[in-house]
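Protein chains: 2
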Amino acid sequence: MTVGIKDVAKAAGVSPATVSRALSGGPVSEELRAQVEAAVKATGYRPNLAARRLRSQQSGTIGLVVADLRNPFFTAVSRAVEDSAYRAGMRVILCNTDEDPAREALYLQLMQEERITGLIFAPTRSTLDQLGRRRLEFPTVLIDRASPAGLYDCVVLDNAAAMAELVRHLISRGYRRIGGLFGNASVTGLERRDGYVAAMQAAGLVADFRLCAPSADAARSALADWFSNPARPEALVVSNSLFLSAAVRAARAANLAIPKDLALAGFDNEVWTELVEPGLTVIEQPVEDIGRQAMALLFERLQTPNLPVRKLVLSGRCVERGSTAARA
Amino acid sequence: MTVGIKDVAKAAGVSPATVSRALSGGPVSEELRAQVEAAVKATGYRPNLAARRLRSQQSGTIGLVVADLRNPFFTAVSRAVEDSAYRAGMRVILCNTDEDPAREALYLQLMQEERITGLIFAPTRSTLDQLGRRRLEFPTVLIDRASPAGLYDCVVLDNAAAMAELVRHLISRGYRRIGGLFGNASVTGLERRDGYVAAMQAAGLVADFRLCAPSADAARSALADWFSNPARPEALVVSNSLFLSAAVRAARAANLAIPKDLALAGFDNEVWTELVEPGLTVIEQPVEDIGRQAMALLFERLQTPNLPVRKLVLSGRCVERGSTAARA
DNA sequence: CTCATTTCTGAAAACGATTTCTGAAACGCG
DNA sequence: CGCGTTTCAGAAATCGTTTTCAGAAATGAG
Chain A
1 MTVGIKDVAK AAGVSPATVS RALSGGPVSE ELRAQVEAAV KATGYRPNLA
51 ARRLRSQQSG TIGLVVADLR NPFFTAVSRA VEDSAYRAGM RVILCNTDED
101 PAREALYLQL MQEERITGLI FAPTRSTLDQ LGRRRLEFPT VLIDRASPAG
151 LYDCVVLDNA AAMAELVRHL ISRGYRRIGG LFGNASVTGL ERRDGYVAAM
201 QAAGLVADFR LCAPSADAAR SALADWFSNP ARPEALVVSN SLFLSAAVRA
251 ARAANLAIPK DLALAGFDNE VWTELVEPGL TVIEQPVEDI GRQAMALLFE
301 RLQTPNLPVR KLVLSGRCVE RGSTAARA
Chain B
1001 MTVGIKDVAK AAGVSPATVS RALSGGPVSE ELRAQVEAAV KATGYRPNLA
1051 ARRLRSQQSG TIGLVVADLR NPFFTAVSRA VEDSAYRAGM RVILCNTDED
1101 PAREALYLQL MQEERITGLI FAPTRSTLDQ LGRRRLEFPT VLIDRASPAG
1151 LYDCVVLDNA AAMAELVRHL ISRGYRRIGG LFGNASVTGL ERRDGYVAAM
1201 QAAGLVADFR LCAPSADAAR SALADWFSNP ARPEALVVSN SLFLSAAVRA
1251 ARAANLAIPK DLALAGFDNE VWTELVEPGL TVIEQPVEDI GRQAMALLFE
1301 RLQTPNLPVR KLVLSGRCVE RGSTAARA
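Sequence lines, in order, name chains A and B. Under the numbering used here, the first residue of the first sequence carries the number 1, and numbering increases by one thereafter. Under the numbering used here, the first residue of the second sequence carries the number 1001, and numbering increases by one thereafter.
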């Protein structure tokens, strides 16, 4: 039915072993190599990856498990990872957990069954905890969400610093009653909260924040409630782009003008943050770099398994726009 | 090193064959089944998928090859596909071609090597042509971009009708000089252009459109040029969300107010289309449905290989917003 | 009670490649 | 010219499962 390595061998008049060697660049005379290549073309042979993987005991596959593909941050990182991987002749198997620990567990099990050679993973807070107890069976690089105990390589943003920069920026623009809305599913959200709290305290201001599930609905209802409160803040920082769009909608719904009634700042420099008036101030993350560096760390660890654990902390860039214009 | 089926068999005091049967729900006495399950738990056994695939000759994997993951349309469809697949106990391997025929060829070859059981594919125009000549080796459902010759199952939007609806909507709002910007890499863009041309002609108006590579830069420079022309249109329809954001930026750059100086309408109801003032009129695609139905078609074909080829045409919904408000 | 039939289990073959092992030829060196 | 070394090719083992095949035990019918 399908053409196998034996058929190629027969067509080329050599043994299967020689075909295998010719295709993998092994020691084969030029003459036979040419014959094999011709036979491959003639027969239309495509190797069976399952067989290859079984015998060679390496899958040549890296797993990429992200929290939310609809979040442009993760799609951008994924692109970079995919690119590096294919450049290195590796396949990528991409999974989307929707911030659900149960799905994470399922996918990790799957990765194990696939015998992936390495994993790049953005875990929820709950799974991150467990990761400390039970080590994963394959080299792993965490992205966006750092291992607190330093058990895994990781590449993350300096979340606290980035958020603190946003807060200081708002303060410098004359805002004082600055609120914060942070995701509760990832450590990223909590780190950004910590940066917020620290910056507020450093400025002698009182922190006023809420935690929230990472869904548009949850954010909108939290904000609707908050905005209807007479003690609502003059400015708001949020921890991701989903919340940012929710905040704009909630502000419109509550008839709050940006930035006159409510200044606003958040994360991730997506196209539309420039387009919605008066332009939204955001921290731009080096998404390409995050993906590339994660792959680089992974490859280094594959080559040298007992390297010390490394944590790569990248910085964000503050893009100032109209949503944080100086207070009237 | 890693625990295999033999180890489980030994631990359970049975043969490997029995373990295999117990795990796959074969005919095994309750007693042994329980023993096996206990042994699996005790040993922490995880089957080796490569071996399983090799022997059983089925990968349990469906390929998903999309044109651009940064396009929210494709991420939404991907989510739906992934969901259906995992619900059916199948894995998904996701690839991103960036509208590049060379990458498409590479990935199709890869899919063949993986011996995927089925493919869901959004091909470029150029690959779509070749698909007519050389049939793919696995059951395939095309999405977003239809096979003209009807060689493959597909699920697509009624692009011409949707675009025509946008045009008629603009006409009813008083616009006459309506321009169009369409992507040249996919048949989708061309179909939408056809719908545009047809609707314009039907109304006795002269069509005035440009084709453009599917990149933000290409779109912006095309539009910058167009807008600086004194004969620029009063209204513009575009064929995807990338062009839509480019159009807003270009209009701003050219100091054209929306909709006063330029009405605007496009495709895909993303969050931000509501947020950028005065709200952008778009065709909303049934993204979830597209993914789900594609999987449904694929499964049906797997069960009944010589079903006639089916083409599922879904309709878009026009979401009217301020960008196409009645002409002053 | 006997014989055919069913039900379950284990031994062994098979999946399609890679890799090890073995040997033949070619080569280099004294 | 003889002998060790290298180079290349093929035969056969191997990877970890599933599946086929065959046989033993249990069941049921006459």
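Glycine residues also receive a C-beta, built at the ideal position from the N, C-alpha and C atoms.
Whose C-beta lies closer than 7 Å to the C-beta of residue i among residues of the same chain, with five residues either side of it excluded?
i, result
"A/A185", "E99, T124, R125, A213 and P214"
"B/A1198", "A1160 and A1164"
"A/R232", "W226"
"B/P1286", "L1314"
"B/R1292", "A1080 and S1084"
"B/T1043", "V1003, D1007, V1008 and A1011"
"B/S1228", "A1254"
Could you name the residues of the same chain whose beta carbon sits closer than 6 Å to that of residue i, not counting the 5 residues immediately before and after it, in chain order?
i, result
"A/E288", "A80"
"B/A1203", "I1171"
"A/E82", "V92"
Output yes or no for whether 8 Å exceeds the beta carbon distance between residue i and residue j.
i, j, result
"A/V65", "A/E104", "yes"
"B/I1116", "B/S1059", "yes"
"B/I1290", "B/V1155", "yes"
"A/A235", "A/Y196", "no"
"A/E284", "A/V319", "yes"
"A/A250", "A/R210", "no"
"B/L1302", "B/G1118", "yes"
"B/V1019", "B/A1034", "no"
"A/D144", "A/L297", "no"
"B/A1325", "A/R53", "no"
"B/R1327", "B/R1173", "yes"
"A/M200", "A/V248", "no"
Can you tell me whether residue i is buried or exposed, with buried defined as 16 or more other CB within 10 angstroms of its CB?
i, result
"B/P1230", "exposed"
"B/N1159", "buried"
"A/S112", "It should be noted that the sequence gives Gln, not Ser, for residue 112 of chain A. By the 10 Å Cβ count, A/Q112 comes out buried."
"B/D1068", "buried"
"A/G25", "exposed"
"A/R55", "exposed"
"A/N71", "buried"
"A/P27", "exposed"
"A/V109", "According to the sequence displayed, residue 109 of chain A carries Gln and not Val. Exposed is the call here."
"B/V1206", "exposed"
"A/A102", "exposed"
"B/V1309", "exposed"
"A/L307", "exposed"
"A/P305", "exposed"
"A/A294", "buried"
"A/N96", "buried"
"B/E1114", "buried"
Does at least one heavy atom of the ligand ADP sit under 7 Å from the Cβ of residue i?
i, result
"A/G13", "Within the structure as shown, the ligand ADP is missing, as the structure has no ligands at all."
Which residues of chain B have a Cβ atom closer than 8 Å to the Cβ of residue i, listed in chain order?
i, result
"A/N48", "L1054, E1113 and R1115"
"A/S59", "A1050"
"A/S24", "Those within 8 Å of A/S24 in chain B number zero; the least Cβ separation is about 14 Å."
What does residue i reach in chain B if we use C-beta pairs closer than 7 Å?
i, result
"A/V255", "The amino acid at residue 255 of chain A is misidentified as Val; the sequence shows Asn. None at all; the shortest Cβ gap to chain B is about 15 Å."
"A/S221", "The contacting residues do not exist; A/S221 stays about 16 Å from chain B at best."
Which bits of chain A does residue i rub up against, with CB to CB less than 7 Å?
i, result
"B/I1093", "I93"
"B/N1096", "R79 and E82"
"B/A1398", "In the structure displayed, chain B extends from 1001 to 1328; residue 1398 of chain B sits before or after that span and is not available."
Could you tell me which chain B residues have their CB closer than 9 Å to the CB of residue i, listed as they occur along the chain?
i, result
"A/Q109", "R1046"
"A/N240", "Simply none; closest approach about 13 Å."
"A/V40", "Those within 9 Å of A/V40 in chain B number zero; the least Cβ separation is about 12 Å."
"A/R70", "P1072, T1075, A1076 and R1079"
"A/S323", "Neighbours of A/S323 on chain B: none; closest Cβ ~12 Å, over 9 Å."
Who are the near neighbours of residue i in its chain, counting only those whose CB is closer than 8 Å to its CB and skipping five residues on each side?
i, result
"A/G132", "S147, P148, A149 and L151"
"B/S1239", "M1163, G1180, L1181, F1182, G1183, T1188, G1189, R1192, R1193, G1266 and F1267"
"B/A1038", "A1012"
"A/S323", "I258, P259, A263, L264, A265, P278, G279, L280 and T281"
"B/R1321", "T1273, E1274, P1278, G1279, L1280, T1281 and V1282"
"B/G1004", "Y1045 and N1048"
"A/A216", "L242, S245 and A246"
"B/S1015", "A1009"
"B/D1208", "R1177, I1178, G1179, G1180 and P1233"
Who are the neighbours of residue i on chain A, taking C-beta pairs under 9 Å?
i, result
"B/R1249", "V271, E274 and L275"
Only counting runs of 4 or more residues, tell me where the alpha helix (DSSP H) segments fall wholly within the stretch 1023-1075 of chain B, in order along the chain.
1030-1043 and 1049-1056
So within the stretch 1178-1215 of chain B, which uninterrupted beta strand (DSSP E) runs reach at least 3 residues, ignoring any that extend past its ends?
1178-1183 and 1208-1212
Quick one: which unbroken alpha helix (DSSP H) runs of 4-plus residues sit fully inside the stretch 231-292 of chain A? Chain order, please.
241-253 and 271-275
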